[in-house]
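Right, one structure below, let's go through it.
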Amino acid sequence: MQKLRGYFATFTIALGLACIIIGIYLFKKNNGRAARRYCGLFFPANGLKMEKIGAYDLEAQLIVVNHQSASDIICLEGDHPLNICWVAKKQLGEIPFYGYALTLPEMILIDREDKKGIIQLLKTAKEKISQNRPIVIFPEGTRGPGKRAFLPFKPGAKILAEKLNLKVQPIVFINTRKVYDSNPISVQTNIARVVCMPAFTPDFTTNWYEQLEKDMFATYCKHYDELNPNEKPIDSIESSQ
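Per the numbering used here, the very first residue in the sequence shown carries number 1; after that it's consecutive.
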């Protein structure tokens, strides 16, 4: 049953993505934001519920998000009120068809192998922020392991915040890997949660980024345990701590 639901969810993502890409191409205002909002239909279409705690800070210029599943992206694309701009690997924009979902809305694509990548990231991010497009970045750099764990945070978000003096909002996703996992394809549960933590302007004289990682992980664990009360907590937590 989990696999069957997973295959159906994959089908709805593929079909929805095709429709959204066409919509972005036809209606280019605000980078096709109106079309991108239809991502939110993924959850009711699959009998899934995304609980929301807290609120988006519309003054936040940098959104720092943990990453577990495509459903993280789908949720923010469908629910965030602003024309958000994702930071992604350049290689993703080169994938046939799928790449249009990144290139048509003019997302930030970076080449991690290029030593000048961080300079280009700062320049492009500054341009997007001037267009009132908050930057969304996954500090883990890739999908995390799920369960009760994070991957160590990479320095990209820290550099962005400090070099451009940005207001930061941490957002934590819980159970999104369980509501849709692409490897292996499955839907294991009906409920995920997004927690919008308070936005803040970092004090760059402190170890604010390390503290942010700890605070996001603590928030994640608290809500993970609430959503998975029958799952025995592990003693050794695989995280960046």
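Note that CB positions come from ideal geometry on N, CA and C, so glycine has one too.
In this text the structure is predicted, and so the values were computed from the model without any measurement.
Check, Outcome
"Determine which residues share a DSSP beta bridge with residue 179 and list them.", "Partner(s): none; residue 179 has no beta bridge."
"Can you give me the C-alpha to C-alpha distance between residue 22 and residue 171, rounded to a whole angstrom?", "29 angstroms"
"Where does residue 211 fall in DSSP's three states?", "helix"
"Over what stretch of residues does the alpha helix (DSSP H) that includes residue 26 continue unbroken?", "2 to 26"
"What number of angstroms, rounded off, separates the C-alpha of residue 169 from the C-alpha of residue 12?", "30 angstroms"
"Pick out the complete alpha helix (DSSP H) segments inside the segment 140 to 171, 4 residues or longer, and give them in chain order.", "156 to 164"
"Can you name, in chain order, every residue of its own chain whose Cβ lies under 7 angstroms from the Cβ of residue 31, other than the five neighbours on each side?", "83, 105, 106"
"When you compare the CB positions of residue 139 and residue 128, do they come within less than 8 angstroms of one another, or not?", "no"
"Which two residues bound the contiguous alpha helix (DSSP H) that contains residue 94?", "It is not in any alpha helix (DSSP H) - residue 94 carries neither H nor E in the DSSP assignment."
"Taking one C-beta from the segment 115 to 124 and one from the segment 44 to 51 each time, how about it: are there three or more such pairs within less than 8 angstroms?", "no"
"Using beta-carbon positions only, say whether residue 108 and residue 75 come within less than 8 angstroms of one another.", "no"
"May I have the straight-line CA-CA distance separating residue 69 from residue 2, to the nearest angstrom?", "16 angstroms"
"For residue 51, list the residues DSSP reports as bridge partners.", "193"
"Please name the residue or residues paired with residue 173 in a DSSP beta bridge.", "194"
"Measure the C-alpha to C-alpha separation of residue 173 and residue 58 and round it to an integer number of angstroms.", "19 angstroms"
"Give the straight-line distance between the Cα atoms of residue 164 and residue 215, rounded to the nearest whole angstrom.", "22 angstroms"
"On the three-state DSSP scale, how would you describe residue 121?", "helix"
"Report yes if the C-beta distance between residue 187 and residue 6 is below 8 angstroms; otherwise report no.", "yes"
"Return the chain-ordered list of same chain residues with a C-beta closer than 7 angstroms to the C-beta of residue 112, the five sequence neighbours on each side being excluded.", "89"
"Measuring CA to CA, which of 192, 206, 201 is closest to residue 252?", "With the chain covering 1 to 241 only, the question about residue 252 has no answer from this structure."
"What does the alpha-carbon distance come out to for the pair residue 158 and residue 147?", "25 angstroms"
"I'd like to check one pair, residue 137 with residue 160: are the Cβ atoms closer than 8 angstroms?", "yes"
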